[in-house]
Amino acid sequence: EKHYKLVVVGGGAGGCGVAAKFTGKLGTGNVAIIEPSLYHYYQPLWTLVGGGIYGMNKSMRPMDSVIPKDVDWIRARATAFDPDDSTVMCSNGELIKYDYMVVAMGIQVDLHKIKGLLEALETDPAVTTNYASAYVAKSFPAIKDIRGGNVLFTYPTTPVKCPGAAQKIMYLTEDYLRKSHRRNGVNVQYNTALGVIFGVPRYAESLLKIVEKRNIDVDYKMNLEEIHSDRKEAVFRKLDSDTGETKTVKYSFLHVTPPMSAPDVIKQSPLSDKSGFLDVDKYTLQHSRYQNIFGIGDCTNLPTSKTAAGVASQSGVLRRNMTAVMEGNHVAQKEYTGYTSCPLVTGYGKCIMAEFGYDGIPMETFPLDQSKERLSMYHMKKDVLPEIYWKFLVKGYWEGPGTYRKFMRLGMGHVTKPSEA
Ligand code: FAD
Ligand code: UQ1
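In this text, residue positions in the sequence shown follow our numbering: the first is 42, and each later residue adds one.
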């Protein structure tokens, strides 16, 4: 049995950043990251990889290059939590004891929950998803092969990471078809299980205008249930039908946003709430029942959109609050506002920079109307944010644009916003 002052479970966006923040305070050898993957992925790039703008390699780095040098890397999966004993069991047989633990395991992509999806991803070049590392690189070749027919995009009933990414790839595809003079004769269709195009009305309004202008067909309350890749058919359940009606559509291209859920290890532990996600306080990020446990990112039950931008903002809150608890002070030093951001890429060279907090309250950083499509925000997404991520976020230095927002918007008042993120 090994014992650490701090154990971080998961070496993704949240885990690396948090470990980097605390290893300086706690000292070499006192912090460990439990992480099975050999590569760390910058997933926000996957939209652009799918759109043919970057290669997959640009989204990945060897895990040992992002895990801070003075942190112990335990190359294994966490397989069971015993929070009453302050221990985690690992897939390599090691039992790890901790004084404090941060759970940052991300969200689980449940490809197996749609009948025929795994088979289609493996065998049909026209079926793809930007949500799983193994298939992102399929997207652009498939887009280039479109020659008419129904080009379908889906959105499931469950929480997902970066909800906007289900549509970003659709706008890129549509733009690509237009620019390569293949848009005629193609029916672009967004089938979403939701009843709205986007959860925040301010941005939904912009997106509705875009789909109308670009002749994209949106069908609400449609949940992808099955794929028959042998017949190139997708079957959707109509969620608002009492009789369980379905709709079957022939596809020439299909981008799937798969259902997702909390990692099974969390679901099966005393750490989850009824939804299966890690049960944390929505303002302090401390676990609701175990004071020496905190959570960050996609694996938590924080009621806001799951994004790396959210993780950045949460990491500052977690730093302050966990430090306070370690020093014997009251936990609520800083409250999370629910800040999250979704750069809605709407074409090659266009992006709506959505930023909002709890209850969908807009929290825009820049002194301009971010609900409009802009080239500047596209460059932000494509060129600036990747640098911020690798140079600052995973090293523990980027806590989101909160402080910059206050500075940039001095005197600007056209969007209501809480003062901090
Ligand atoms: P992750 O970064 O996913 O890390 C989780 C880590 O936990 C992984 O390394 C995993 O290997 C590890 N792990 C899993 N199980 C175990 C286990 N049992 N034991 C130990 N370790 C485990 N966000 C934005 O802000 N802007 C965007 O534009 C954007 N676009 C996106 C586009 C796509 C296509 C996708 C898929 C995501 C996008 N995101 C975007 C979302 C962003 O990538 C995630 O919200 C972010 O990575 C969450 O960080 P995390 O640390 O919670 O999880
Ligand atoms: C952000 O902070 C962040 O973390 C690095 C992202 O992850 C890729 C984002 O996509 C966004 C949009 C932000 C928010 C930052 C600004 C400047 C709007």
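The beta carbon of each residue, even a glycine, is placed where N, CA and C say it ideally should be. These numbers come from a predicted model, not from an experiment.
Open item on the list: Pairs of beta-carbons, one from the region 87 to 94 and one from the region 145 to 154, closer than 8 Å: are there three or more?
Closed with: Of all C-beta pairs linking the region 87 to 94 to the region 145 to 154, fewer than three are shorter than 8 Å, placing the two stretches out of contact.
Open item on the list: Which complete beta strand (DSSP E) runs does the region 273 to 321 hold, if anything under 3 residues is left out?
Closed with: 274 to 279, 287 to 291, 294 to 296, all fully within the region 273 to 321.
Task: Local Cβ density within 10 Å of residue 410, reported as buried at 16 or more and exposed below that - done: Exposed: under 16 other Cβ atoms inside 10 Å.
Open item on the list: Let me make sure I understand the geometry here. Which of 154, 192, 337, 150 has the alpha-carbon closest to that of residue 168?
Closed with: Distance check between residue 168 and each of 154, 192, 337, 150 places 192 closest, using alpha-carbon atoms only.
- [ ] Note down, in chain order, each residue of its chain lying with its Cβ closer than 8 Å to the Cβ of residue 273, except the 5 sequence neighbours on either side.
- [x] Within its own chain, the residues whose Cβ lies closer than 8 Å to the Cβ of residue 273, once the five positions on either side in sequence are excluded, are 165, 167, 291, 292, 293, listed in chain order.
- [ ] In angstroms with no decimal places, state the Cα-to-Cα distance between residue 58 and residue 226.
- [x] In this model, residue 58 and residue 226 are separated by some 47 Å (Cα to Cα).
- [ ] Compare the C-beta of residue 221 with all C-beta atoms of chain C and state if any pair is closer than 7 Å.
- [x] No chain C appears in the structure shown, which is made up of a single protein chain.
Open item on the list: Are there any heavy atoms of ligand 1 lying less than 6 Å away from the beta-carbon of residue 414, as far as the coordinates show?
Closed with: No, the Cβ of residue 414 stays beyond 6 Å of every heavy atom of ligand 1.
Task: Inter-residue Cα distance where the pair is residue 455 and residue 266 - done: Confidence at residue 455 is low in this model, with a pLDDT of 48, below 50, so the placement of that residue should be treated as unreliable; the coordinate-derived value is given next. In this structure, the straight-line span from the alpha carbon of residue 455 to that of residue 266 is close to 42 Å.
Task: At least 3 beta-carbon pairs within less than 8 Å: the region 173 to 190 vs the region 116 to 130 - done: With the cut-off at 8 Å, the region 173 to 190 and the region 116 to 130 do not touch.
Open item on the list: DSSP three-state label for residue 323, please.
Closed with: It is coil, neither helix nor strand.
- [ ] Can you say whether residue 196 is buried or exposed, counting buried as having 16 or more other CB atoms within 10 angstroms of its CB?
- [x] Residue 196 is buried by the Cβ-count criterion.
TODO: Report whether the distance from the Cβ of residue 203 to the nearest heavy atom of ligand 4 is below 6 Å.
DONE: By its list of ligands, the structure shown excludes ligand 4, since it contains just ligand 1 and ligand 2.
Open item on the list: Using only the alpha-carbon positions, how far apart do residue 373 and residue 342 sit?
Closed with: Straight-line Cα distance between these residues: approximately 18 Å.
TODO: Report back the beta-carbon spacing between residue 154 and residue 300 to the nearest angstrom; my notes put them in contact at under 8 Å.
DONE: About 5 Å; that satisfies the 8 Å criterion.
- [ ] Starting from the C-beta of residue 40, find all residues in its chain whose C-beta is less than 7 Å away, skip the five residues before and the five after it, and write them out in chain order.
- [x] Nothing can be reported for residue 40: it is not among the residues displayed for the chain, which extend from 42 to 462.
- [ ] Please go through the same chain and pick out, in chain order, the residues whose beta-carbon is closer than 6 Å to the beta-carbon of residue 186, but skip the five residues on each side of it.
- [x] Correct list: empty, nothing qualifies.
Open item on the list: Need the endpoints of the beta strand (DSSP E) that residue 230 sits in, please.
Closed with: Looking at the DSSP string, the run of the beta strand (DSSP E) that includes residue 230 is 227 to 233.
Open item on the list: Can you tell me whether residue 398 is helix, strand or coil according to DSSP?
Closed with: Reduced to three states, the DSSP call for residue 398 is coil.
TODO: Compare the beta carbon distance of residue 82 and residue 106 with 7 Å and say whether it is the shorter of the two.
DONE: Going by C-beta atoms, residue 82 is not nearer than 7 Å to residue 106.
- [ ] In angstroms with no decimal places, state the Cα-to-Cα distance between residue 205 and residue 238.
- [x] Between the alpha carbons of residue 205 and residue 238 lies a distance of about 9 Å.
Task: Continuous beta strand (DSSP E) assignments of at least 3 residues falling wholly in the region 198 to 268 - done: Whole beta strand (DSSP E) segments, 3+ residues: 227 to 233, 258 to 260.
Open item on the list: For residue 383 and residue 131, which I take to be in contact (beta-carbon distance under 8 Å), what is that distance rounded to the nearest angstrom?
Closed with: So it is not a contact: roughly 34 Å between Cβ atoms.
- [ ] Look at the alpha carbon of residue 466 and the alpha carbon of residue 171, and state the distance between them as a whole number of angstroms.
- [x] What the structure shows of the chain is the stretch from 42 to 462, and residue 466 is not part of that stretch, so it cannot be assessed.
TODO: Determine, using beta-carbon pairs with one atom in the region 112 to 119 and one in the region 72 to 91, whether at least three such pairs fall under 8 Å.
DONE: Taking a cut-off of 8 Å for Cβ pairs, the region 112 to 119 and the region 72 to 91 touch, as three or more such pairs fall below it.
Task: Heavy atom of ligand 1 within 6 Å of residue 88 beta-carbon - done: Yes; taking the cut-off as 6 Å, the Cβ of residue 88 has a heavy atom of ligand 1 nearer than that.
- [ ] Could you tell me if the beta carbon of residue 107 falls within a distance shorter than 6 Å of some heavy atom in ligand 1?
- [x] Incorrect: residue 107 has no Cβ contact closer than 6 Å to ligand 1.
TODO: State the start and end residues of the unbroken alpha helix (DSSP H) segment that holds residue 183.
DONE: 180 to 185 is the span of the alpha helix (DSSP H), which, as asked, contains residue 183.
TODO: Could you tell me how far apart the beta carbons of residue 358 and residue 376 are, in whole angstroms, since I believe they sit closer than 8 Å?
DONE: At roughly 7 Å, the Cβ-Cβ gap stays under 8 Å, so residue 358 and residue 376 are in contact.
Open item on the list: Using the three-state DSSP reduction, which class does residue 142 fall into: helix, strand or coil?
Closed with: Here residue 142 carries a strand assignment [DSSP, helix/strand/coil].
Task: Environment of residue 289 [buried if 16+ CB atoms lie within 10 Å] - done: For residue 289, the number of other beta carbons within 10 angstroms of its own is below 16, and it is reported as exposed.
- [ ] For residue 43, name the three-state secondary structure that DSSP assigns.
- [x] Strand at residue 43.
Open item on the list: According to DSSP, simplified to helix, strand and coil, what is residue 169?
Closed with: Under the three-state reduction of DSSP, residue 169 is assigned to strand.
Open item on the list: According to DSSP, is residue 460 part of a helix, a strand, or is it coil?
Closed with: Below a pLDDT of 50, predicted positions are generally treated as unreliable, and residue 460, at 46, falls in that range; no measurement from the model is reported.
Task: Segment limits, beta strand (DSSP E) that includes residue 81 - done: Counting along the chain, residue 81 sits inside the beta strand (DSSP E) bounded by residues 80 to 82.
- [ ] Determine the burial state of residue 29: buried for a count of at least 16 other Cβ atoms within 10 Å of its Cβ, exposed for fewer.
- [x] Nothing in the structure corresponds to residue 29, since the chain is present only between 42 and 462.
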